[in-house]
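Chemist: Each residue of the sequence shown is one higher than the one before, starting from 1 at the first, in UniProt numbering.
Ideal Cβ placement from N, Cα and C applies to all residues, glycine included.
Please read all numbers here as calculations on a predicted model, not as lab measurements.
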Amino acid sequence: MVVPLFTLIVLIFLSAVFSSTETAFTSLSIVQLQILSSRQGKTGKLVAHLSKRPDTLLTTILFGNNLVNIAASALATQLTIKTFGSAAVGIMTGVLTLVILIFAEVTPKQIAIIHNERICLAMAYPIRILSIILLPFIAMIGTISMAITKLFTPKERSSKISLEGILHMVSLAEHEGVVEDYETRMVRGVFRFNDITVGSIMTHRTDLFLVDQEATIEVLLPKIIENGFSRIPVYQEDPEHIVGILLYRNIMEALAEGADKARKRKAKELMVEPIFVFENRKVSELFFQFKKEKLNLAVVMDEYGGLAGVVTLEDIAEELFGELYDENEIKGFEKITQIEPGRFRIMGDTSLLQVTDRFEVVLPHSKYVQTIAGFLTEYLGIIPEKGQRIDTGAGCFTIESRSGNRIESLIFEPADKEEE
């Protein structure tokens, strides 16, 4: 009686080992596999090797697990009949099922999720040896399984590694403290690079400081310093007709050569020729054009050929790395600033992508919406009034200031993550 009972306990323990091993291997991420392979010597490399052949790995584990479960069931039935008679077999079956479920399935799997690396390292060689011993059975089962699987497998299979999967791994790495928040935003920006249009990151025409090509530096310099821009679009007669870009750097160089002479020079004498792009141009394409032509500013045109705004290399870089300091800027400000814990001031022309990335929120919108002000207008169906509060699933927006039909700034209070 003692020996069969001890054997039954051993079989249940082996079932728990197989169950935990299965979960441990299947829960390993690509990053964990790379770390184990590079830092844990031969055992780590074996773990990576086994994980690359999931069909053989799972067949070995499941074959062993089912074998010990069947043996445990048969032994328990035999013990029950000898001790209590055949009438108690039904009760024994229920009890054994509950025991296996708790002690050989659920609990071991939960432990395996927490300690998956340790379990994989401990079980790598036993599983490898078992797979060699069971090779004939594994080969037969694998052949049958593969034939059935092919019936339900599409001819064109998607890539095993998707963009969503990579971003999920990056978020997981940030949660675990492996990477910093700014590194996560940078990776997301890189992958979004091909999807961002120039129109979504440009400075809108209503925010531009434009100068007439005939204006002298003496007249323009105080205004340039007051407005604090280092690159100023230059127009000819009509503000819609941009003919060049006046660089603050060029003005300073001219003044250094001779202040009196430079002050009398006109904007058209110091301006550089701009490049023109349309709003729907991909940011990635413009980036390489900037690099090729050694420029860092482009004039953005709308679909009718009118002035829509300007975009700089700095705007592109900020989509990848966040707010940057421009050594040529006379003064500047961040478009998103924290007023107090849980409250942020956001400029109306802030890119919607910048807001969703900063606060990790989802703001459903149409493809025509580029800014946070545009989102709120589309969300309500009308232009919100000053002081109006707009509750969304992501949090509460309050219009702080408005000029005409233009939302200049707003206050955002993100929703509690737990409440979401």
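#1: Under a three-way DSSP split, which group does Gln370 fall into?
#2: Taking the alpha carbon of Ile411 as the point to measure from, which residue in Ile70, Asn405, Gly404, Phe397 has its own alpha carbon closest?
#3: Going by DSSP, what residue range makes up the beta strand (DSSP E) through Asp238?
#4: Could I get the ranges of all uninterrupted beta strand (DSSP E) runs contained in the stretch 358-414, with 3 residues as the minimum, in chain order?
#5: I need the DSSP call for Val179, collapsed to helix, strand or coil.
#6: Could you check which residue in Val355, Arg343, Ile129 has the C-alpha nearest to that of Phe375?
#7: Taking the beta strand (DSSP E) that Glu293 falls in, what are its first and last residues?
#8: Within this structure, are the beta carbons of Val219 and Ile245 separated by less than 7 Å?
#9: From this set, Ser20, Glu318, Thr7, Arg39, which residue's C-alpha is nearest Tyr182's C-alpha?
#10: When the Cα atoms are used, what is the spatial distance from Glu309 to Met202?
#11: Whose CA, out of Leu50, Lys386, Ile316, Val179, lies closest to the CA of Ala124?
#12: Helix, strand or coil: which one does DSSP assign to Gln338?
#13: Taking residue 448 as the reference, which of Glu105, Pro239, Ile372 has the closest Cα?
#14: Give me the Cα-Cα distance between Ala87 and Phe6, rounded to the nearest whole angstrom.
#15: Under 8 Å Cβ to Cβ from Gly142, same chain only, skipping five residues before and after it: list those, please.
#16: Which word fits Asn280, buried or exposed, when buried means at least 16 other C-beta atoms lie within 10 angstroms of its C-beta?
#17: Below 8 Å on the Cβ atoms is my guess for Leu75 versus Pro136; work out the distance and round it to an integer in Å.
#18: From this set, Gly393, Ser20, Ala24, Val170, which residue's C-alpha is nearest Ile100's C-alpha?
#19: Which complete alpha helix (DSSP H) runs does the stretch 103-158 hold, if anything under 4 residues is left out?
#20: Exposed or buried, what is Val47 when buried is set at 16 or more other beta-carbons lying within 10 Å of its beta-carbon?
#21: Which residue or residues does DSSP assign as beta-bridge partners of Pro233?
#22: My guess is that Leu270 and Asn250 are in contact by the Cβ rule of under 8 Å, so how many angstroms apart are they, rounded?
#23: Going by C-alpha to C-alpha distance, which of Ile316, Ile70, Phe152, Glu117 sits closest to Thr97?
#24: With a CB to CB cut of under 8 Å and the five nearest residues on each side skipped, what residues in its chain are close to Arg128?
#25: On the CB-based measure, 16 or more other CB atoms within 10 Å of its CB, does Ile225 come out buried or exposed?
#26: Whole angstroms are fine: how far does the CA of Pro126 sit from the CA of Phe13?
#27: So what's Ala308 in DSSP terms, helix, strand or just coil?
#28: Taking Val89 as part of the alpha helix (DSSP H), name the residues at either end of that continuous run.
#29: Hey, Met92 and Thr80: beta-carbon distance below 7 Å or not?
Modeler: In terms of the structure at hand:
#1: coil
#2: Phe397
#3: 238-247
#4: 389-392, 395-403, 406-414
#5: In the structure shown, the three-state DSSP call for Val179 is coil.
#6: Val355
#7: Taken as a continuous stretch (DSSP letters only), Glu293 belongs to no beta strand (DSSP E), being part of the alpha helix (DSSP H) at 283-293.
#8: no
#9: When each option's Cα is compared against that of Tyr182, the closest is Glu318.
#10: Going by the sequence as given, residue 309 is Gly instead of Glu. Looking at the two C-alpha atoms, the distance is approximately 6 Å.
#11: Leu50
#12: Annotated three-state conformation of Gln338 is strand, per DSSP.
#13: Since the first residue shown for the chain is 1 and the last is 420, residue 448 is missing from the structure and cannot be characterised.
#14: 23 Å
#15: If we look at Gly142 and ignore the five residues flanking it on each side, its Cβ neighbours are Asp55, Thr56, Thr59.
#16: exposed
#17: With 8 Å as the limit, Leu75 and Pro136 do not qualify as a contact, their Cβ atoms being about 25 Å apart.
#18: Of the candidates Gly393, Ser20, Ala24, Val170, Ser20 places its Cα closest to the Cα of Ile100.
#19: Fully contained in the stretch 103-158 are the following alpha helix (DSSP H) runs of length 4 or more, in chain order: 107-114, 116-133, 135-151.
#20: buried
#21: Bridge partners of Pro233 according to DSSP: Ile245.
#22: 5 Å
#23: Ile70
#24: Hits under 8 Å: Leu46, Leu50.
#25: Under a 10 Å Cβ-count criterion, Ile225 is classified as exposed, with fewer than 16 other Cβ atoms of the shown protein chains found around its own Cβ.
#26: 15 Å
#27: strand
#28: Start and end: 89-99.
#29: For Met92 and Thr80, yes; Cβs fall inside 7 Å.
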